Amino acid sequence: MNSTRITVSLTCIECKMRNYPITKRREQKVEIKKFCKTCGKHTLHRDAK
Ligand SMILES: [Zn+2]
């Protein structure tokens, strides 16, 4: 099985800023509520390519 870990950025879905670098498995989907400095509030962040 290929479980390569890659580094991606968690991206705010509202302003599209890349806020938090993370490592994850390539096929893993990540969606977390995080504080976005640009929006000034907690927003949903997704992993970006
Ligand atoms: Zn934002």
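All the letters of the sequence shown, read from the start, carry residue numbers 1 to 49 under my numbering. All C-beta atoms in this analysis are idealised placements derived from N, C-alpha and C, irrespective of residue type, glycine included. These numbers were taken from a predicted model, which means no experiment stands behind them.
Out of the options, which has the shortest C-alpha to C-alpha gap to residue i?
{"i": "K34", "options": "R26, I22, S3", "result": "I22"}
{"i": "E14", "options": "D47, A48, T43", "result": "T43"}
{"i": "K37", "options": "M17, K49, R46", "result": "M17"}
{"i": "R5", "options": "Q28, A48, C39", "result": "Q28"}
According to DSSP, simplified to helix, strand and coil, what is residue i?
{"i": "R25", "result": "strand"}
{"i": "T11", "result": "strand"}
{"i": "I33", "result": "Reading the sequence as shown, one finds Lys at residue 33 and not Ile. K33: strand per DSSP, three-state reduction."}
Counting along the chain, where does the beta strand (DSSP E) carrying residue i start and finish?
{"i": "K41", "result": "41-48"}
**OP:** Please write down, chain order preserved, every residue whose beta carbon lies under 6 Å from a heavy atom of ligand 1.
**Re:** That query returns the following residues: C12, E14, C15, M17, C36, T38, C39, T43.
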